[in-house]
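Chemist: Going by the UniProt record's numbering, the letters in the sequence shown line up with residues 1 to 113, in that order.
Ideal placement from N, C-alpha and C gives every residue a C-beta, glycine not left out.
Input: one structure, supplied below.
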Amino acid sequence: MKQVACKLKLELAQFAELEVFAQFYFDLDKATHNQLARGQRLRELLKQAQSAPLTMEEQVKKFLAQLRTYLKTNKPQLQEIISSTKKFPEEAEVLLKEAIKEQMERFLLQEQA
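Here you go:
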């Protein structure tokens, strides 16, 4: 979780800086628009209902999915691995990539639109 949190903090900090910058410049390139959209999606992803927080396992899956430009899917083996090890080992990463491979194209198409 600590590894993911470090990457997440960095990405959110960069997004916040870019968001401030974008307030003063209206003629932004496509890459900047995509990065701003990604930051906004990440911010939305982090929101949780006040009375229904996500488990650590659910947070790790969602954060990694967003950070690596993948969409979250349900795969029971992945949750079992993370629950039992309390880490995100390589085998869990492989399962995650396999489970969401077909969703990646859809995400990238949304980002380009």
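Between which two residues does the alpha helix (DSSP H) holding Gln-40 run?
Modeler: Along the sequence shown, read from residue 1 onward, the residue named residue 40 stands at position 40. Its alpha helix (DSSP H) spans residues 30 to 46.
Chemist: Would you call the region 45 to 62 in contact with the region 77 to 87, where contact means no fewer than 3 C-beta pairs closer than 8 Å?
Modeler: Result yes; three or more Cβ-Cβ pairs closer than 8 Å.
Chemist: When the Cα atoms are used, what is the spatial distance from Ser-92 to Lys-7?
Modeler: Within the sequence shown, residue 92 is the residue found at index 92, counting from 1. Within the sequence shown, residue 7 is the residue found at index 7, counting from 1. One point to set straight first is that residue 92 is Ala, not Ser, in the sequence displayed. Straight-line Cα distance between these residues: approximately 18 Å.
Chemist: In the DSSP assignment, the alpha helix (DSSP H) including Gln-77 goes from what residue to what residue?
Modeler: Indexing the sequence shown from 1 puts residue 77 at position 77. Residues 76 to 85.
Chemist: Shortest alpha-carbon distance to Lys-9 belongs to which of Leu-46, Thr-32 and Glu-90?
Modeler: As a working note, residue 9 is residue 9 in the sequence shown. The shortest Cα separation from Lys-9 among Leu-46, Thr-32 and Glu-90 belongs to Leu-46.
Chemist: Could you check how far apart the C-beta atoms of Gln-77 and Leu-96 are, in whole angstroms? I think they sit under 8 Å.
Modeler: Taking the first residue of the sequence shown as 1, we reach residue 77 at position 77. Taking the first residue of the sequence shown as 1, we reach residue 96 at position 96. Gln-77 to Leu-96, Cβ: 10 Å. No contact.
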